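Heads up, the thing below is written out as structure tokens.
There are 2 protein chains.
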Amino acid sequence: MTEAVRPSRLDPEIAARLKRDSGGLMAAIAQQYDTGEVLMVGWMDDEALHRTLTTGRCTYWSRSRQEYWVKGETSGHLQFVKSVALDCDGDAILVRVDQVGAACHTGRRTCFDADVLGAAVGARPGSAAAGAPVPSVPAAGG
Amino acid sequence: MTEAVRPSRLDPEIAARLKRDSGGLMAAIAQQYDTGEVLMVGWMDDEALHRTLTTGRCTYWSRSRQEYWVKGETSGHLQFVKSVALDCDGDAILVRVDQVGAACHTGRRTCFDADVLGAAVGARPGSAAAGAPVPSVPAAGG
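Protein sequence lines, in the order shown, are assigned to chains A and B. Residue 1372 in the working numbering is what sits at position 34 of the first sequence, and the numbering runs on without skipping anything. Residue 1468 in the working numbering is what sits at position 130 of the second sequence, and the numbering runs on without skipping anything.
Written out as structure tokens, the structure reads:
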């Protein structure tokens, strides 16, 4: 496990459960608490998580600018925190929020609205949608 | 941008939009398509995304085992793909799925069910929940 790379006041008992990437970061998913929309994915280090847990607003770490940012601080599109959960191996954080306005810097409600990929749709056997056979898994690297 | 680190048959037009981390990976969020539950976060490289797009089932890259895995291949807890979207900067993937059984290896429905952190709850000004003032943002690294 990579240690925290920046100083933080995060509760040591929480910090001990984190599995950080080589940059000291965890993926943080922001989800609208009442509709369930997945709004965006950001990155948090220990201190960003600490601020998110203690201020009622989401704080992320900007990998490009190498600094903390409070979501919406300049745009007004704040994320008010409703709950925060770690995943089972401590490398992802789910923050349920009340998103003011657009979550995406493009002005769209979510960061996933603009680029839907063509995908083969799967269906569990026996379901009404399971008409067509699912293609077999292709071989690696061919 | 890091180039793909393993060979892949992913559509080059999609590959050109990806922003990979130093290991050639993007974060992939699996969300139950009908309830909106965020089930888990995995990691995909170009080829895992290609397989997810073409087989109807989610394939991830295991960072610990350094190999591809089809979700549920051993447990039976398959994820049938309903839709796949890239985020605005190409470093995260949202896969809406139909999850058979538990998404988490612990047997829980989602990987975020077990470790809910204590958090100060925020509320937008003027909302019914906005009774208590939101604490000010703490200074860095104190």
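Backbone N, C-alpha and C fix where the C-beta goes; we use that ideal spot for every residue, glycine too. Being a predicted model, the structure only gives us computed values, none of them experimental.
Inter-residue CB distance, residue i and residue j (contact presumed, cutoff 8 Å)
i                             : j                          : result
aspartate 1384 of chain A     : leucine 1424 of chain A    : Not quite, the Cβ-Cβ distance comes to about 12 Å (not below 8 Å), so this is no contact.
lysine 1420 of chain B        : valine 1408 of chain B     : About 16 Å; that fails the 8 Å criterion.
valine 1379 of chain A        : isoleucine 1352 of chain B : At roughly 18 Å, the Cβ-Cβ gap does not stay under 8 Å, so valine 1379 of chain A and isoleucine 1352 of chain B are not in contact.
phenylalanine 1418 of chain A : alanine 1461 of chain B    : 6 Å
valine 1422 of chain A        : valine 1438 of chain A     : The Cβ separation is near 18 Å, so there is no contact.
arginine 1347 of chain A      : glycine 1362 of chain A    : Actually they are not in contact, since the Cβ atoms of arginine 1347 of chain A and glycine 1362 of chain A sit about 15 Å apart, beyond 8 Å.
cysteine 1426 of chain A      : alanine 1452 of chain B    : 6 Å
alanine 1365 of chain A       : alanine 1365 of chain B    : 4 Å
threonine 1392 of chain A     : serine 1360 of chain A     : With a Cβ gap of about 26 Å, threonine 1392 of chain A and serine 1360 of chain A do not count as contacting.
Counterpart residues of residue i in DSSP-defined beta bridges
i                             : result
phenylalanine 1418 of chain B : B/Arg1395, B/Asp1436
aspartate 1453 of chain B     : A/Leu1424
isoleucine 1367 of chain B    : B/Val1379, B/Leu1432
serine 1400 of chain A        : A/Glu1405
threonine 1340 of chain B     : B/Arg1358
Burial state of residue i (16 or more Cβ within 10 Å)
i                             : result
histidine 1443 of chain A     : exposed
leucine 1416 of chain A       : buried
phenylalanine 1450 of chain A : buried
glutamine 1370 of chain B     : buried
arginine 1389 of chain B      : buried
glycine 1394 of chain B       : buried
alanine 1457 of chain B       : buried
alanine 1386 of chain B       : buried
arginine 1358 of chain B      : buried
valine 1372 of chain B        : Before going on, a small fix: residue 1372 of chain B reads as aspartate here, not valine. It counts as exposed.
glutamate 1412 of chain B     : Per the sequence presented here, residue 1412 of chain B reads as threonine, with glutamate not at that position. Looking at its Cβ environment, which holds fewer than 16 other Cβ atoms inside 10 Å, threonine 1412 of chain B is exposed.
valine 1454 of chain A        : exposed
serine 1400 of chain B        : exposed
Neighbour list for residue i in chain A, Cβ cutoff strictly below 8 Å
i                         : result
arginine 1462 of chain B  : Leu1416, Phe1418, Asp1436, Val1438
glutamine 1404 of chain B : In chain order: nothing, as chain A lies at least about 12 Å away.
threonine 1444 of chain B : Cys1426
Within chain A, the residues that residue i reaches when beta carbons sit closer than 9 Å
i                       : result
leucine 1391 of chain B : Leu1455, Gly1456, Ala1457, Ala1458
valine 1537 of chain B  : In the structure as shown, chain B begins at 1339 and stops at 1480. Residue 1537 of chain B is therefore absent and cannot be evaluated.
Min CB distance residue i to chain D below 7 Å
i                       : result
alanine 1354 of chain A : Although the question refers to chain D, the structure presented lacks it and instead comprises the protein chains A and B.
Partner residues on chain A for residue i, Cβ-Cβ distance less than 7 Å
i                       : result
alanine 1365 of chain B : Ala1365, Val1379
alanine 1430 of chain B : Val1379
serine 1421 of chain B  : Val1454, Ala1457
Proximal residues of chain B, C-beta to C-beta of residue i below 9 Å
i                         : result
cysteine 1348 of chain A  : Reading off the sequence shown, one finds leucine at residue 1348 of chain A, where the question assumed cysteine. Here the premise fails: no neighbours, minimum Cβ distance about 10 Å.
threonine 1340 of chain A : Here the premise fails: no neighbours, minimum Cβ distance about 12 Å.
serine 1481 of chain A    : The question about residue 1481 of chain A has no answer here: the residues shown for chain A are numbered 1339 through 1480.
glycine 1410 of chain A   : The premise fails here: glycine 1410 of chain A is roughly 10 Å from chain B at the closest Cβ pair, so nothing lies under 9 Å.
Partners in chain B for residue i, counting only beta-carbon separations shorter than 8 Å
i                      : result
serine 1413 of chain A : The premise fails here: serine 1413 of chain A is roughly 14 Å from chain B at the closest Cβ pair, so nothing lies under 8 Å.
Distance cut-off 6 Å: residue i Cβ against heavy atoms of the ligand GTP
i                         : result
aspartate 1372 of chain B : Questions concerning the ligand GTP fall outside what the structure shown contains, since it holds no ligand whatsoever.
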